Structures are given as structure tokens and as C-alpha cells.
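What follows is the structure, encoded as C-alpha cells:
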């Protein structure tokens, strides 16, 4: 990937580790310094890249990061925790539970297996060979996503302090609020608010320039969280993925979810699968003109529509490894169909 991370100032003693595209795994982080203190918001998808991030972090000479705050439990925000060496790791109770349910070692083994499968020749035949092609497509998609990361080196490191609701902190004399909004993108999402500076580190409650992913929901809960963030009237919002934003991007993501709710309901009424609904919506001639028509990874709509369908049916969220593999296979299928139509999807390039 040509685009790279860099630290960007968002206020005095406030910095954001930003990837300009923010596609799969390329997450943002935050740093709050002052008065001899330093607090980090989130890490990276492995320890190696977290160390790279910390090596050039704008921490004043003689100071060290003593506190680490986690916005949620997805690996791309927490699997670098050990590399920080913080005295205290803070997360909501729901985030702590989520983090401990994810296994970096198992993920590393799966990634190696899929990398091997992605290189296997598949004959162009129907029946079992057709299913093999689906597996190969899934394996290639996942391998392009996971190739840059060293999951095998990760040792899961969870929070030492948990909270529910709101936790008030102080960093170098400035107020820092941690607000747990509950289940939305993940089983537990938290944002970090600096009221005086009007800055918010939103975690994966906000994606900018790339389609969001809703594994858990409910979608109305996510919309409520966006409304809560907008009510804070922030000047600067650091998303979990994508470039630094403002309140306008919060409203845009809200509009995206309202659109997704509508097409999801239409698809269910038409007896279409989430993958069929997503593909139809993205290929619609009007989609390109929508504000999100040029976002990276539009195929991720499959995941969000699946979460909405499960909610509508009263089923459990997408959480188990089997459920995730199935929905990712469907997502890979839509990505390939879009590429066949000449549409760019993921930023990590064409199939190998």
C-alpha cells in the first residue's frame, strides 16, 4: 500500500496517528501529552507496527506513555498493547470481554492456512470445484488483508482497569472523558472526549472515506452514538479509520446508515441475501453520485446488512469465528463481482 501512517497534530499536546485511507486493519490512534504525562488511545494490529508508531511518537523527551485507553476490542486497535508497556490499560467492561474473546494465535494460524489456500490452483469446473473457487476467492481476499501483519508475535494484553458509563480522567491538567456508548460497531464502543479542546477520538464509531463495518449493532444504537457525538459540537474528530474529520463526517455516516437501513429492508422484502442486496445497491447507477459512492471497500456493506438481518430476525450478532468466516466469504464474493464490473474496491490492490 503506497499510503502510510503519520502523526498529525490536532491541538496543543494532542496528536493522531492517521492512515489516510484506513482500509482493513489500517487503524488510527491518538496521543495526549502535557504536564509530564502521556496517554495513548488505541494501538495497532500487531506489536511490530505499534513499536514503529511509538518510535516516532511526539512524546516530550524524558516522558513515557503510562496510560493506554482502548476504544473497543477489535484486534486492529488492541493487538499492539503489550508493546506500549503502559502502567495502566483502561477499557469499558464490554471492551475487556470482547478483547479476551479474540485469539491472536488462532488468527495467525488461520491467516497462514488461507495464504496457502490462496496459492492453490482451482480448476474451472462446476460442483465441488465451484465451491473450491469460492474458498480460493475468500482466501485471496483475506490474505491480501492480513499479509502486512505479524499476528504470530502478538501476546494478548488486556485492560488493568475497567469502567461502565463515563470515566473522568486528567492528563497534564486537562479533562479527558471516556464515554462508553455500548454496542454499535463492536460489543462495546468508547469515545474519548476533551471538552475544552473540542476534540474527540471516536474509535470505530466513525469511518471516513471507507465503508464502515458493523459486526454487532444495533444500527440504531450506532446512529444514537453519532447523534451524541454531534451534540458535543466538536471541532475535530479523529476517526478509527480514515483522515481527520469534523462534525460533518458524523452526519454523513448517519446518512449512510439511514440509507443502509432502507436498502436492507427492501432486500429482505424481496427475499434477497445481504450479499445480493449489497451488490445490487452498489451497482445501481445512482450509487456513484451518493456521498459515499467513492468510499473504499463498499463490499463491507454485506457485513452490516447481515448484522441488520440477524437483528431483524431476532438472532445473535455476528460474533463466532464460523459466522465471521461466512460473512467474509460473502463479502469477498461481492468484492470480486465489483472488480469484474471495473470498480475499485479495497485499497490493497488487485488479486495476486
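Numbering (the numbering used here), first residue to last: 18 to 369.
Beta carbons are placed, not taken as given, at the ideal position from N, Cα and C, and that holds for glycine.
Quick caveat, the model's predicted, so the values are computed rather than measured.
Buried versus exposed call for residue i [16 or more other C-beta atoms within 10 Å across all chains shown]
{"i": "residue 40", "result": "buried"}
{"i": "residue 363", "result": "buried"}
{"i": "residue 302", "result": "exposed"}
{"i": "residue 107", "result": "buried"}
{"i": "residue 117", "result": "exposed"}
{"i": "residue 236", "result": "buried"}
{"i": "residue 283", "result": "exposed"}
{"i": "residue 78", "result": "exposed"}
{"i": "residue 317", "result": "buried"}
{"i": "residue 308", "result": "exposed"}
{"i": "residue 339", "result": "exposed"}
{"i": "residue 322", "result": "buried"}
{"i": "residue 287", "result": "exposed"}
{"i": "residue 357", "result": "exposed"}
{"i": "residue 353", "result": "buried"}
{"i": "residue 130", "result": "exposed"}
Same chain, Cβ closer than 8 angstroms to residue i, neighbours up to 5 away in sequence not counted
{"i": "residue 244", "result": "271"}
{"i": "residue 183", "result": "194, 195, 196, 197"}
{"i": "residue 83", "result": "54, 55, 56, 103, 104, 105"}
{"i": "residue 250", "result": "215, 264"}
{"i": "residue 211", "result": "28, 31, 49, 191, 192, 193, 194, 217"}
Own chain, CB closer than 7 angstroms to residue i, minus 5 neighbours either side, in chain order
{"i": "residue 35", "result": "22, 23, 25, 45, 260, 261"}
{"i": "residue 223", "result": "254, 256, 257, 262, 266, 267, 270"}
{"i": "residue 30", "result": "49, 50, 51, 189"}
{"i": "residue 74", "result": "24, 48"}
{"i": "residue 10", "result": "Here the chain has residues from 18 to 369 only, and residue 10 is not among them."}
{"i": "residue 328", "result": "234, 235"}
{"i": "residue 153", "result": "134, 135, 137, 139"}
{"i": "residue 121", "result": "92, 96, 168, 171, 173"}
Beta-carbon gap between residue i and residue j smaller than 8 angstroms
{"i": "residue 201", "j": "residue 238", "result": "yes"}
{"i": "residue 88", "j": "residue 221", "result": "yes"}
{"i": "residue 355", "j": "residue 291", "result": "no"}
{"i": "residue 101", "j": "residue 56", "result": "no"}
{"i": "residue 61", "j": "residue 93", "result": "yes"}
{"i": "residue 105", "j": "residue 177", "result": "yes"}
{"i": "residue 135", "j": "residue 160", "result": "yes"}
{"i": "residue 217", "j": "residue 246", "result": "yes"}
{"i": "residue 95", "j": "residue 209", "result": "no"}
{"i": "residue 233", "j": "residue 324", "result": "yes"}
{"i": "residue 109", "j": "residue 205", "result": "yes"}
{"i": "residue 97", "j": "residue 66", "result": "yes"}
Cβ neighbours of residue i in the same chain (closer than 6 angstroms, five flanking residues each side left out)
{"i": "residue 214", "result": "28"}
{"i": "residue 319", "result": "291, 292, 295, 347, 348, 351"}
{"i": "residue 242", "result": "198, 201, 222"}
Closer than 8 angstroms to chain D by CB, residue i
{"i": "residue 290", "result": "Protein chains in the displayed structure number just one, and chain D is not present."}
Taking only runs of the alpha helix (DSSP H) that begin and end inside the segment 234-299, which ones reach a length of at least 4 residues, in chain order? 236-248, 264-286
If you scan the segment 23-102 from start to end, which runs of the alpha helix (DSSP H) of 4 or more residues do you find wholly inside it? 64-72, 92-95, 98-101
Continuous beta strand (DSSP E) assignments of at least 3 residues falling wholly in the segment 156-199: 178-180, 183-188, 191-199
When the Cβ atoms of the segment 166-175 are set against those of the segment 188-197, are three or more pairs found closer than 8 angstroms? Counting C-beta pairs with one atom in each stretch, the segment 166-175 and the segment 188-197 have fewer than three that are closer than 8 angstroms, which means they do not touch.
Are the segment 306-314 and the segment 281-295 touching, with three or more C-beta to C-beta distances below 8 angstroms? Judged by Cβ distances under 8 angstroms, the segment 306-314 makes no contact with the segment 281-295, as fewer than three pairs qualify.
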